[in-house]
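Top line first, the protein sequences correspond to chains A and B.
Position one of the first sequence corresponds to residue 1 (our numbering), numbered consecutively onward.
Position one of the second sequence corresponds to residue 1001 (our numbering), numbered consecutively onward.
Data first, discussion second: the structure below is written as structure tokens.
There are 2 protein chains.
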Amino acid sequence: MKLAIYGYGNLGKGVECAVKQNPDAELVGVFTRRAPETVKTLTGVLVYSAQDILKYKDAIDVLIICGGSATDLPAMTPVLAKDFNVVDSFDTHARIPEHFANVDAAAKENGHIALISAGWDPGIFSLNRVYASSILADGADYTFWGRGVSQGHSDAVRRIDGVKDARQYTVPVEKALEQVRSGSNPTLTTRQKHTRECYVVAEEGADRARIENEIKTMPNYFDEYDTTVYFISEEEMKRDHAELPHGGFVIRTGKTGLNGEHRHVIEYRLKLDSNPEFTASALVAFARAINRMHERGVTGCKTVLDIAPGDLSPLSPEELRAHML
Amino acid sequence: MKLAIYGYGNLGKGVECAVKQNPDAELVGVFTRRAPETVKTLTGVLVYSAQDILKYKDAIDVLIICGGSATDLPAMTPVLAKDFNVVDSFDTHARIPEHFANVDAAAKENGHIALISAGWDPGIFSLNRVYASSILADGADYTFWGRGVSQGHSDAVRRIDGVKDARQYTVPVEKALEQVRSGSNPTLTTRQKHTRECYVVAEEGADRARIENEIKTMPNYFDEYDTTVYFISEEEMKRDHAELPHGGFVIRTGKTGLNGEHRHVIEYRLKLDSNPEFTASALVAFARAINRMHERGVTGCKTVLDIAPGDLSPLSPEELRAHML
């Protein structure tokens, strides 16, 4: 399959690396809104101007759109789905139905297929929620995130006066995880599920007590959590917090039997050294499925819930049945 | 959807209980090869003779076949797939391609759909192996089973002279699990991955040392494992080992990045109080998918790798996108 990348940030770079690991995938190029000559790719793949993308219509089987969910993807994906089979990682849960409707209408205009929200949450975590809740009909779902860097929360801290740099980690509370695993179906508040850790480089002479207070009381972002603030040096930030790890847990506990006498725990865990590279790896696998479904004549917008697992694998159905089932 | 159960052992009883938890499912009846009047169901659902099943052809949307994999299912599923949409939990991994071919040909004769091997391994574990290996292309897969009762191994111990009753637990080795999770891609021998625990009720006057030795040296079943044998009383067996718990882990670790510099761990865990009831719950969810696919005109044999996750859920695609994605 011939893939192309639209947007070349951390996620686009991750897709570039992931394609190298998949012998059935080939990278046509990177499309950027910046001046192409200013962009240097990791593997030397060619860079084109986003404006010229229609010229490459016939050369691309699936276009992987690597933009942000706040403003990029809601605009980009519907436009590009008119002329390409596309995959994105749109992750604003509340706006998925709206994004789906826009992309579905656009993709159907010229018989294309699109897959939205194909990262890990939404994405792989979503499918685990659906599998688990479909099997254990009488039960409760829990999703925990972390330990990992939240870019949105890091950005929020950086906007505080006197903050030079910041990194925010979301941390699941081990005690809450244990309660959930026990099958006791606990009702957990936001504060009980996750804590937040902020590593902050303050500007010289800045009032650290004020910064700490502003962080801890910030509405929506921190006020409902127990937050710990650590002031560190620029060197420490560079040395210890340059990576973007993440992960989390999807757990469902449920009961079966004539009177619910048996308990079951389904637990799915991700532990990721690099959030963007893992997301990118998922996008490439789902691009494979989208390409196959397009060849079978499927059109319109899909989500990971519409994709049969076998379509993600480079192995044939016969190989999968013989070796993976 | 109107379901029926073919075969009424532990698994069939589990399906009966699972149907109660799914308001969109209705149980037409239980079909048995025994004399129907000798079979009493848990919930009072009607019992019919297996010989009469063709009379109920139009009343059943999906027939869930609850037989053993050694001799029952290879014979039953192809025959029944000619006249019914069927689901089974065939679990002899090595014979899946052959079973698939037989069931596929039979199902296509009259436009039916069949799903084979829809338990947890093969089944849910299989899909996790496929998802994880498709996403992390450069990595290694590990499956661990337990702690749980292996019926096959329990039966093998029961066949030893002087053994009145026995229960065998397969136990994953915690150290091996930790090595795998560390991402070090260890090569593990059979002995390093699992231990075996046998609880044995010996007949009065039986030579316990001989029994223990016969267990530990039994080819294929025990000789490649570290096995511990505990002799217990009949009362202890009844009190402490009446249940059929099971579970296990599917773990894939892999690398991403330009030079494989980032490591990732995907871990899926099941912890089940009742192996047959959990398997039964999976069968009912997959029966829902099969019923929907039949309504869309899909025919032939499928495995869990061919089923889109959304088809398993009682929720509509719109509800899933709004609430579960």
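We treat Cβ as the ideally placed atom computed from N, Cα and C, and that holds for glycine.
A quick note: this is a predicted structure, and the numbers were derived from the prediction, not measured.
With H, G and I counted as helix, E and B as strand and the rest as coil, what does DSSP make of residue i?
| i | result |
| --- | --- |
| B/Glu-1318 | helix |
| B/Gln-1051 | helix |
| B/Gly-1012 | helix |
| A/Gln-151 | helix |
| B/Ala-1137 | coil |
| B/Ile-1215 | helix |
| B/Tyr-988 | The structure shown does not extend to residue 988 of chain B, since chain B is modelled only from 1001 to 1325, so the question has no answer here. |
| B/Glu-1197 | strand |
| B/Leu-1177 | helix |
| A/Asp-161 | coil |
| B/Ala-1202 | strand |
| A/Gly-111 | coil |
| A/Met-32 | What sits at residue 32 of chain A in the sequence shown is Thr, not Met. The answer is strand: DSSP assigns A/Thr-32 an E or B state. |
| B/Asp-1226 | strand |
| A/Val-265 | strand |
| A/Arg-252 | strand |
| A/His-99 | helix |
| A/Gly-119 | strand |
| B/Tyr-1144 | Before going further, note that residue 1144 of chain B is Phe rather than Tyr in the sequence given. Three-state DSSP puts B/Phe-1144 in a strand. |
| A/Leu-325 | coil |
| B/Cys-1301 | strand |
| B/Val-1086 | strand |
Just to check my reading of the structure: residue i and residue j have Cβ atoms closer than 8 Å, yes? What is that Cβ distance to the nearest angstrom?
| i | j | result |
| --- | --- | --- |
| A/Lys-271 | A/Gly-247 | 5 Å |
| B/Thr-1299 | B/Ala-1107 | 6 Å |
| B/Glu-1203 | B/Lys-1164 | 5 Å |
| A/Arg-263 | B/Asp-1273 | 5 Å |
| A/Ala-35 | A/Cys-301 | About 32 Å; that fails the 8 Å criterion. |
| A/His-153 | B/Leu-1325 | Contact flag wrong, Cβ pair sits at about 22 Å. |
What does a CB cutoff of less than 6 Å around residue i pick up in its chain, not counting 5 residues either side in sequence?
| i | result |
| --- | --- |
| B/Gly-1139 | Arg-1252, Thr-1253 and Gly-1254 |
| B/Gln-1051 | none |
| A/Glu-336 | Outside the shown range of chain A, which is 1 to 325, sits residue 336 of chain A, and nothing can be said about it. |
| A/Gly-12 | Ile-5 and Cys-66 |
| A/Ala-156 | Tyr-221 |
| A/Asn-10 | Pro-276 |
| A/Trp-145 | Thr-170 and Gly-248 |
For a quick check, are the C-beta atoms of residue i and residue j less than 9 Å apart?
| i | j | result |
| --- | --- | --- |
| B/Val-1250 | B/Phe-1125 | yes |
| A/Leu-320 | A/Ser-313 | yes |
| A/Val-201 | A/Phe-231 | yes |
| B/Val-1103 | B/Ile-1116 | yes |
| B/Gly-1007 | B/Phe-1278 | no |
| A/Ala-132 | A/Tyr-268 | yes |
| A/Ala-209 | A/Lys-193 | no |
| B/Phe-1090 | B/Thr-1077 | yes |
| A/Ala-137 | A/His-112 | no |
| B/Ala-1242 | B/Cys-1017 | no |
| B/Asn-1275 | B/Gly-1148 | yes |
| B/Thr-1032 | B/Tyr-1048 | yes |
| A/Leu-54 | A/Val-30 | no |
| B/Ala-1329 | A/Pro-97 | Past the edges of chain B, shown from 1001 to 1325, lies residue 1329 of chain B, and the structure says nothing about it. |
| A/Thr-228 | A/Thr-190 | no |
| B/Tyr-1199 | B/Glu-1236 | yes |
| A/Leu-42 | A/Gln-151 | no |
Leaving aside the five residues before and after residue i along the sequence, list all residues of the same chain whose C-beta is less than 8 Å from its C-beta, in chain order.
| i | result |
| --- | --- |
| B/Asp-1207 | Gly-1162 |
| A/Val-19 | Leu-3, Ala-25, Glu-26, Leu-27 and Val-284 |
| B/Gln-1179 | Pro-1186 and Leu-1188 |
| A/Val-265 | Arg-181, Gly-183, Ile-251, Arg-252 and Thr-253 |
| B/Lys-1057 | Asp-1083 and Phe-1084 |
| A/Pro-23 | Pro-314 |
| A/Leu-127 | Val-304 and Leu-305 |
Grab me the residues of residue i's own chain with a C-beta within less than 7 Å of its C-beta, minus the 5 sequence neighbours each way, in chain order.
| i | result |
| --- | --- |
| A/Ala-282 | Ala-118, Gly-119, Trp-120, Gly-123 and Ile-124 |
| A/Ala-59 | Lys-2 and Val-28 |
| A/Arg-158 | Asp-165 and Ala-166 |
| A/Glu-214 | Ile-160 |
| B/Tyr-1142 | Val-1180 and Ile-1251 |
| B/Ala-1289 | Ile-1307, Asp-1311 and Leu-1312 |
Would you check whether the ligand ATP has a heavy atom nearer than 8 Å to the C-beta of residue i?
| i | result |
| --- | --- |
| A/Met-76 | The ligand ATP is not part of this structure, which contains no ligands at all. |
On the three-pair Cβ rule with 8 Å, is the region 170 to 179 of chain A touching the region 255 to 262 of chain A? Contact annotation: the region 170 to 179 of chain A does not touch the region 255 to 262 of chain A, with fewer than three C-beta pairs closer than 8 Å.
Are the region 59 to 74 of chain A and the region 85 to 92 of chain A touching by the rule of at least three beta carbon pairs closer than 8 Å? The region 59 to 74 of chain A is in contact with the region 85 to 92 of chain A.
Using 8 Å as the Cβ pair cut-off and three pairs as the minimum, do the region 297 to 311 of chain A and the region 1296 to 1311 of chain B touch? Verdict: yes, contact present.
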